[in-house]
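A.B. asks:
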Amino acid sequence: MKLSHSCVPRLVRGAKNSITRSWPVLLGVLFVAASIPAFAQEATIVGTVTDPTGSLVPNVTITLTNTDTSVIRTIQTNDAGEYVAPDMHIGHYTAKAEGQGFSTAEKTGLVLSVGDRLRVDFAMKMGAATERVTVEAATVAVQTDTGEVSDLISGQQITKLESNGRNIYSLVNLTPGASSEQSDFIAPVPVGGDADVSFNGQRPGHNIYLMDGGEDLDRGGAGNFSVMPSLESLAEFRVLSSNYSAEYGLSSSATMTTVVKSGSNQFHGSGWWFGRNDALDSRNYFNPAPQKVAELRFNTYGFNIGGPVDFKKSDHKTFFFYNMEWRSLIQGQTLNTNVPLPSTYGGNFGSTLINVPGLTQEQPSTLFAHCPGGVAPAGVVQGQPFPNNTIPACMLDPNAQALLGAKIFPAPTSGNQFLGGNNAPTTVREEIVRADHRFNDKFSVFGHWVSEQISQTYGTSQWSGDNVPTIGDTFGNPSYSAVVHATHTIRPNLLNEIAFNYNGNRINIIPKAGFGAPLSAPSGFTFNRIFSGPNPLNRIPSINLSLTNTNYTVNWMPWVNKADDYQIRDDVSWVKGAHQLKIGGSWALYKKIQDVFANTEGNFTFNGFFTKNDFADFLLGDASGYSEDAVHDNGHWNSVSWAAYVQDNWRVNNRLTLNLGLRWDGAPHTYEALHRSSNFYP
Numbered sequence: 001m002k003l004s005h006s007c008v009p010r011l012v013r014g015a016k017n018s019i020t021r022s023w024p025v026l027l028g029v030l031f032v033a034a035s036i037p038a039f040a041q042e043a044t045i046v047g048t049v050t051d052p053t054g055s056l057v058p059n060v061t062i063t064l065t066n067t068d069t070s071v072i073r074t075i076q077t078n079d080a081g082e083y084v085a086p087d088m089h090i091g092h093y094t095a096k097a098e099g100q101g102f103s104t105a106e107k108t109g110l111v112l113s114v115g116d117r118l119r120v121d122f123a124m125k126m127g128a129a130t131e132r133v134t135v136e137a138a139t140v141a142v143q144t145d146t147g148e149v150s151d152l153i154s155g156q157q158i159t160k161l162e163s164n165g166r167n168i169y170s171l172v173n174l175t176p177g178a179s180s181e182q183s184d185f186i187a188p189v190p191v192g193g194d195a196d197v198s199f200n201g202q203r204p205g206h207n208i209y210l211m212d213g214g215e216d217l218d219r220g221g222a223g224n225f226s227v228m229p230s231l232e233s234l235a236e237f238r239v240l241s242s243n244y245s246a247e248y249g250l251s252s253s254a255t256m257t258t259v260v261k262s263g264s265n266q267f268h269g270s271g272w273w274f275g276r277n278d279a280l281d282s283r284n285y286f287n288p289a290p291q292k293v294a295e296l297r298f299n300t301y302g303f304n305i306g307g308p309v310d311f312k313k314s315d316h317k318t319f320f321f322y323n324m325e326w327r328s329l330i331q332g333q334t335l336n337t338n339v340p341l342p343s344t345y346g347g348n349f350g351s352t353l354i355n356v357p358g359l360t361q362e363q364p365s366t367l368f369a370h371c372p373g374g375v376a377p378a379g380v381v382q383g384q385p386f387p388n389n390t391i392p393a394c395m396l397d398p399n400a401q402a403l404l405g406a407k408i409f410p411a412p413t414s415g416n417q418f419l420g421g422n423n424a425p426t427t428v429r430e431e432i433v434r435a436d437h438r439f440n441d442k443f444s445v446f447g448h449w450v451s452e453q454i455s456q457t458y459g460t461s462q463w464s465g466d467n468v469p470t471i472g473d474t475f476g477n478p479s480y481s482a483v484v485h486a487t488h489t490i491r492p493n494l495l496n497e498i499a500f501n502y503n504g505n506r507i508n509i510i511p512k513a514g515f516g517a518p519l520s521a522p523s524g525f526t527f528n529r530i531f532s533g534p535n536p537l538n539r540i541p542s543i544n545l546s547l548t549n550t551n552y553t554v555n556w557m558p559w560v561n562k563a564d565d566y567q568i569r570d571d572v573s574w575v576k577g578a579h580q581l582k583i584g585g586s587w588a589l590y591k592k593i594q595d596v597f598a599n600t601e602g603n604f605t606f607n608g609f610f611t612k613n614d615f616a617d618f619l620l621g622d623a624s625g626y627s628e629d630a631v632h633d634n635g636h637w638n639s640v641s642w643a644a645y646v647q648d649n650w651r652v653n654n655r656l657t658l659n660l661g662l663r664w665d666g667a668p669h670t671y672e673a674l675h676r677s678s679n680f681y682p
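Letter by letter, the sequence shown follows residues 1 to 682 in my numbering.
In structure tokens form, the structure reads like this:
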């Protein structure tokens, strides 16, 4: 090519079988104290104890028992007759109140969900401690202790709801305040999925995702999961859309907080398969007969198991949960785009008028450089139509012919239109392990490790104007998440939580040729690059036919991105009279190494300026525009975030609770760690 113009410008439901067996399992779990935000992931039980006259009763022993794991927590009411039990694992509970001179009061059937602030009050009756009054908990409770606006999606809803794509992104948009801008089908992957959901008018990129309290966010992608946990692995999740506690931060929009399932006193396991197939689909409107129905093969299958590690004991202290899932997707592409007619490849445009470039557009020395004697062939006059609307063979640009021979443009399937495209396979292999251990009544720890291996294929090169299937790419995205969360009860009214968290991913986008086209420039192609920097894989330059609306581009691939997010966080819960205080702080380091978006192969634009036909301009090698990046480089971008908050839930009386919170987030500018970036302030 030569530059000749100065103005360069988503259920067929598969079988799901649950089994309950006692399997001896030995599981060793290794966690590394690597870290991001460990926001309050568990739940809180609060309450007030009164006597028959309505007076507050201090020093009443409250015993909270998790009926799933038999873990017990004991606390006492303070001088104001209040008690608070923060950092409670989600699950099923019984609550018992015992005080001198009073009958024992018990409430059963309590259900604690993620982020709950569950009020369990006791009205004690006079009597001997051997007397017991048991009350079955109400199934519906009105939340009166917080003004938070949120919505809970239970584990049963997660697994039973039919969603197009079977992933969390398709469930988030079902909650109040959500406005979905997602596509019809959402691929079951984190970064390559569609998280385009706005809450209360805020930008989708301002949402944040948490898993077991740790940040699960690809900050660079803005608003995407870093890892997308299997729906079968989740106990539940809550969407906090407005007015939530000061312990949550960083995001200005919704906070999605998910919880991985835990093991319980008995061994439980399940297996599943969900599938979709194009044989059960209707035809896509943009893929009319007699075109083949676009292929769709979507299978999600896996298994999980959980239970106690010390299974021979009656008092279990360690519980495990393991989840393995595979996701396999093949989507047929349904491109519908104009392409050049092969009959014109040799220069014959039939009845379509094409002009010879004028003298003010191109000099004879370049226009006729390959013709005998370097002069115009007979009948060819600059500024006039080509005889018979045919470009003489000697005027055809060798580079254009080399690229046409390499089939960078697909042959049309009807008229000058190409319908169809590449099959785009996506595969995901994910492992999740969680362990919970109670050292004693005052100290416990839990954590998880998630590893995802993802390969997602695109039939055309992504993040570009490419609209032909002769070039695409493979999006490799291995992702990881780790959380270690410890809780220490210092005194009945004072509790400390510390968490170390990590999430990160790798993105490797590799170009992939299709429809018989090569990935690298053909042997007959001669580069006329401006710069001498590297052109990885000897990529073919971008070819944009702006009138025909055909665009071939490998873009800036291959492209590499590495992100690691580390955080340490500490939270203290303190009950003082009617005040339920929570104070905390965190430090996070987000590190990203990312290639620049550099088209060092060059970009040609043909717009018909020379011949009134963009493809004729291409055959002559006359580009109306050209651009080229000089350097294929990368940056080491680091961001340090500090945060501190105080939250006071002050129960003024039994009819009024004030939620008072103050939060500070320090988010200094991202900086280039090798000091290779600067700003100019005029």
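Note that CB positions come from ideal geometry on N, CA and C, so glycine has one too.
Compare the Cα-Cα distances from Ala-411 to each of Asn-659, Pro-342, Thr-104 and report the closest residue.
C.D. replies: Answer by Cα proximity: Pro-342.
A.B. asks: Compute the Euclidean distance between the alpha carbons of Ile-432 and Met-324, then round it to the nearest angstrom.
C.D. replies: Each residue's Cα considered, the two are about 7 Å apart.
A.B. asks: Nearest to Leu-280 by CA position, among Ser-573, Leu-296, Thr-255, is which residue?
C.D. replies: Residue Leu-296 is the option with its Cα nearest to Leu-280.
A.B. asks: Secondary structure at Pro-531, three-state DSSP: helix, strand or coil?
C.D. replies: According to the sequence as given, residue 531 is Phe; it is not Pro. The answer is coil: DSSP assigns Phe-531 none of H, G, I, E or B.
A.B. asks: Quick check: what's the CA-CA separation for Gly-303 versus Glu-430?
C.D. replies: Checking the sequence, you will find Phe at residue 303 rather than Gly. Whole-angstrom Cα-Cα distance: 11 Å.
A.B. asks: Please name the residue or residues paired with Tyr-694 in a DSSP beta bridge.
C.D. replies: An answer regarding residue 694 cannot be provided, because it is not within the stretch 1 to 682 covered by the chain.
A.B. asks: Inspect the beta-carbon positions of Asp-473 and Lys-512 and report whether they are closer than 7 Å.
C.D. replies: Yes. Within cutoff.
A.B. asks: Using only the alpha-carbon positions, how far apart do Tyr-681 and Ile-153 sit?
C.D. replies: Near 49 Å, if we compare the C-alpha coordinates of Ile-153 and Tyr-681.
A.B. asks: With 16 other CB atoms within 10 Å as the buried threshold, where does Glu-247 fall?
C.D. replies: Classification of Glu-247: buried, given that the 10 Å Cβ count is 16 or more.
A.B. asks: Could you have a look at Ser-677 and say whether DSSP puts it in helix, strand or coil?
C.D. replies: It is coil, neither helix nor strand.
A.B. asks: Alpha carbon to alpha carbon, what distance is there between Val-259 and Glu-452?
C.D. replies: Approximately 17 Å between the Cα atoms of the pair.
A.B. asks: What did DSSP end up calling Leu-367 once you bin it into helix, strand or coil?
C.D. replies: DSSP places Leu-367 in helix when its eight states are reduced to three.
A.B. asks: Among Ser-55, Glu-136, Gly-99, Leu-112, whose alpha-carbon lies nearest the alpha-carbon of Ala-43?
C.D. replies: When only C-alpha atoms are compared, the closest one is Leu-112.
A.B. asks: Looking at C-alpha atoms only, which residue of Gly-635, Val-227, Thr-63, Leu-620 is the closest neighbour of His-370?
C.D. replies: When each option's Cα is compared against that of His-370, the closest is Leu-620.
A.B. asks: For the alpha helix (DSSP H) containing Pro-398, name the first residue and the last one.
C.D. replies: Looking at the DSSP string, the run of the alpha helix (DSSP H) that includes Pro-398 is 398 to 405.
A.B. asks: Less than 8 Å between the CB atoms is what I'm expecting for His-92 and Thr-67, so what's the real figure, rounded?
C.D. replies: About 5 Å separates the two Cβ atoms, so the contact holds.
A.B. asks: Does the structure place the region 150 to 168 close enough to the region 188 to 203 that three or more beta carbon pairs sit under 8 Å?
C.D. replies: Contact between the region 188 to 203 and the region 150 to 168 is present, because at least three Cβ pairs lie under 8 Å.
A.B. asks: For Lys-612 and Leu-335, I'd like the C-alpha separation in whole angstroms.
C.D. replies: Their backbone Cα atoms lie some 27 Å apart in a straight line.
A.B. asks: Less than 7 Å between the beta carbons of Asn-551 and Thr-146, yes or no?
C.D. replies: The answer is no: Cβ separation not under 7 Å.
A.B. asks: Starting from the C-beta of Ala-128, find all residues in its chain whose C-beta is less than 8 Å away, skip the five residues before and the five after it, and write them out in chain order.
C.D. replies: Excluding residues within five positions, the ones whose Cβ falls inside 8 Å are Ser-103.
A.B. asks: Check this for me: beta carbons of Glu-155 and Ala-235, under 7 Å apart or not?
C.D. replies: Per the sequence shown, residue 155 should be read as Gly rather than Glu. Yes, these two residues count as a Cβ contact at 7 Å.
A.B. asks: Expressed to the nearest angstrom, what Euclidean distance is found between the alpha-carbon atoms of Ser-546 and Asp-565?
C.D. replies: Each residue's Cα considered, the two are about 42 Å apart.
A.B. asks: Mind checking Thr-553: buried by the 16 CB within 10 Å criterion, or exposed?
C.D. replies: Burial call: buried.
A.B. asks: Nearest-angstrom Cα distance between Met-126 and Asp-51?
C.D. replies: For Met-126 and Asp-51, the distance between alpha carbons rounds to 8 Å.
A.B. asks: Assuming the contact rule is C-beta atoms closer than 8 Å, Asn-759 and Asn-505 should be a hit. Round their C-beta distance to whole Å, please.
C.D. replies: The structure shown does not extend to residue 759, since the chain spans only 1 to 682, so no value can be given for it.
A.B. asks: Since Pro-425 sits in a beta bridge, which residues does DSSP pair it with?
C.D. replies: DSSP output for Pro-425 lists Ile-330 as bridge partner(s).
A.B. asks: Taking 6 Å as the cut-off, is the beta-carbon of Gln-382 closer than that to any non-hydrogen atom of the ligand ATP?
C.D. replies: You won't find the ligand ATP in this model; it holds no ligand whatsoever.
A.B. asks: Can you round the beta-carbon distance between Asn-544 and Gly-602 to whole angstroms, since I take them to be within the 8 Å contact cut?
C.D. replies: Not confirmed; about 11 Å, so no contact.
A.B. asks: Tell me, please, whether the region 630 to 650 touches the region 588 to 605 by the rule of three or more beta-carbon pairs shorter than 8 Å.
C.D. replies: Short answer: they touch.
A.B. asks: Run through the region 283 to 344 for me and flag every whole beta strand (DSSP E) of 3 or more residues, listed as ranges in chain order.
C.D. replies: List check, beta strand (DSSP E) in window: 296 to 308, 318 to 332, 335 to 338.
A.B. asks: Could you check the C-alpha separation between Arg-203 and Lys-582 for me, to the nearest Å?
C.D. replies: Between Arg-203 and Lys-582, the C-alpha separation is close to 29 Å.
A.B. asks: How is Ser-226 classed by DSSP in three states: helix, strand or coil?
C.D. replies: Reduced to three states, the DSSP call for Ser-226 is coil.
A.B. asks: Taking the C-alpha atoms as reference points, what is the distance between Val-760 and Thr-48?
C.D. replies: The structure shown does not extend to residue 760, since the chain is modelled only from 1 to 682, so the question has no answer here.
A.B. asks: Can you check DSSP and say which residues form a bridge with Arg-238?
C.D. replies: Leu-152, Thr-257.
A.B. asks: With DSSP as the reference, label Asp-614 as helix, strand or coil.
C.D. replies: Here Asp-614 sits in helix by DSSP.
A.B. asks: So, at 6 Å on beta carbons, what are the nonlocal neighbours of Gly-666 in its own chain, with the 5 sequence-adjacent residues on each side left out?
C.D. replies: Contacts found: Trp-642.
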